Amino acid sequence: RKEVEQDPGPFNVPEGATVAFNCTYSNSASQSFFWYRQDCRKEPKLLMSVYSSGNEDGRFTAQLNRASQYISLLIRDSKLSDSATYLCVVNKQVGDTGRRALTFGSGTRLQVQP
Amino acid sequence: DTGVSQDPRHKITKRGQNVTFRCDPISEHNRLYWYRQTLGQGPEFLTYFQNEAQLEKSRLLSDRFSAERPKGSFSTLEIQRTEQGDSAMYLCASSFSRGQPYEQYFGPGTRLTVT
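Read top to bottom, the protein sequences are chains A and B. So for the first sequence, the numbering used here puts the first residue at 8; every next one is plus one. So for the second sequence, the numbering used here puts the first residue at 388; every next one is plus one.
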C-alpha cells in the first residue's frame, strides 16, 4: 500500500464549478500536511499547508482529519488556470538527521474546461 | 532569479554513459534534497544534505548514483553507467533548517532520457 493515496483523476470540470480532492495517508507519525500544485512538465510548488482546524486561502479550502488520516482540498469557482496536477504531501521527522521527509502522493489531475 | 536552479534542463544520453546534474539552491538555505519523478507519479526522495554533509540516502539510490555538496552550496548528482530505467525528471529542492523547514522549494528539474 502506498503511504499517500490519491485518486489520479482526471477530473474534468467546467469553469465555475466546485471540485474536491481527497487523500489518505497510512503513517500515523506524519506531522505536517500540504497540497502542492504541479503544472505539466514543471516543478511542484507549495499551494497550501493543511491544519487540523481547516484553513482557507481565497477559493481554496484544505481540511485534515487526523483520526481518519484523511486530507481534502476544495476548489471553488474553478478557473481555467487551476488546471494542473494537485499533489497531496505528508511530512515527518526522520530519525536524528533532522530531515523532514516529504512523501508525495501520485497526484490528481484537474482539467477545467471553458 | 533567486530561486533554485538546475542545469541542464534536459539531457539525452545513451545507455552506459555517465551523466552529472547540478543544483544551485536558494542561497540562504542550508538543506538540499534530490528527488526523482517518473511519469504519473509524485516525486520520490533520493538523498539529503545539511550543509556539506550527506545525511541520508534512499534505497532508490543505487551504487551507480553519487551526490556531493562540497562547500555546502551547490550540489551535483552523478549517475554512472546509465540505464533506461534511469529516465526520469530529477528535482532538487532546498529549505531552511529553522523556522518552517518543511517548506521545500523546488528547482525546475533536469529531465533525463536514456536511449
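We put the beta carbon where it would ideally sit given N, CA and C, even for glycine. All values reported here derive from a predicted model rather than from experimental measurement.
For A/Ile78, which option in A/Gly112, A/Val11 and A/Cys30 has the closest C-alpha, if you only look at C-alpha atoms? The residue given as residue 78 of chain A occupies position 71 in the first sequence. The shortest C-alpha separation from A/Ile78 is found at A/Cys30.
Within the same chain, show all residues whose beta-carbon is closer than 6 Å to that of B/Ser484, passing over the 5 residues directly before and after it, in chain order. To locate residue 484 of chain B, count along the second sequence from 1; it is residue 97. Hits under 6 Å: Asn417 and Arg418.
According to DSSP, is A/Ser88 helix, strand or coil? As a working mapping, residue 88 of chain A is identified with position 81 in the first sequence. If DSSP states are grouped into helix, strand and coil, A/Ser88 belongs with the helices.
Could you say if the region 437-457 of chain B and the region 64-82 of chain A meet the contact criterion of at least three C-beta pairs nearer than 8 Å? no
Taking the straight line between their C-alpha atoms, what separation do you get for B/Glu443 and A/Asp84? The residue labelled residue 443 of chain B in the question sits at position 56 within the second sequence. The residue labelled residue 84 of chain A in the question sits at position 77 within the first sequence. When only Cα atoms are considered, B/Glu443 and A/Asp84 end up about 42 Å apart.
Beta-carbon neighbours of B/Leu478, restricted to chain A and to distances below 9 Å: Taking the second sequence and counting its residues from 1, one reaches residue 478 of chain B at position 91. Going along chain A in sequence order, the residues near B/Leu478 (Cβ under 9 Å) are Glu50 and Pro51.
Does B/Phe432 come within less than 8 Å of chain A when only Cβ atoms are used? Counting from one through the second sequence, the residue named residue 432 of chain B turns up at place 45. Interface residue, yes.
Would you say the region 392-406 of chain B touches the region 19-30 of chain A, given that touching needs at least three Cβ pairs under 8 Å? no
Using the three-state DSSP reduction, which class does B/Gln471 fall into: helix, strand or coil? Taking the first residue of the second sequence as 1, we reach residue 471 of chain B at position 84. Helix at B/Gln471.
Could you tell me which residues DSSP puts in a beta bridge with A/Val20? The residue you call residue 20 of chain A lines up with position 13 of the first sequence. Per DSSP, A/Val119.
Quickly, what does DSSP pair B/Gln428 with across the bridge? List them, please. For the purposes of this step, residue 428 of chain B is taken as the residue at position 41 of the second sequence. BP columns for B/Gln428 are empty, so no partner.
I need the boundaries of the beta strand (DSSP E) containing A/Gln45, first residue and last residue. As a first step, residue 45 of chain A must be located in the first sequence, where it is residue number 38. Where A/Gln45 is concerned, the enclosing beta strand (DSSP E) stretches over Ser39 to Gln45.
What are the boundary residues of the beta strand (DSSP E) that A/Asp14 is part of? Here residue 14 of chain A corresponds to residue number 7 of the first sequence, with the count starting at 1. Run containing A/Asp14: none; DSSP gives neither H nor E here.
Write down the C-beta distance between B/Pro495 and A/Lys49 rounded to the nearest angstrom, noting that I regard them as a contact closer than 8 Å. The residue you call residue 495 of chain B lines up with position 108 of the second sequence. The residue you call residue 49 of chain A lines up with position 42 of the first sequence. Yes, B/Pro495 and A/Lys49 are in contact; Cβ-Cβ is about 7 Å, under 8 Å.
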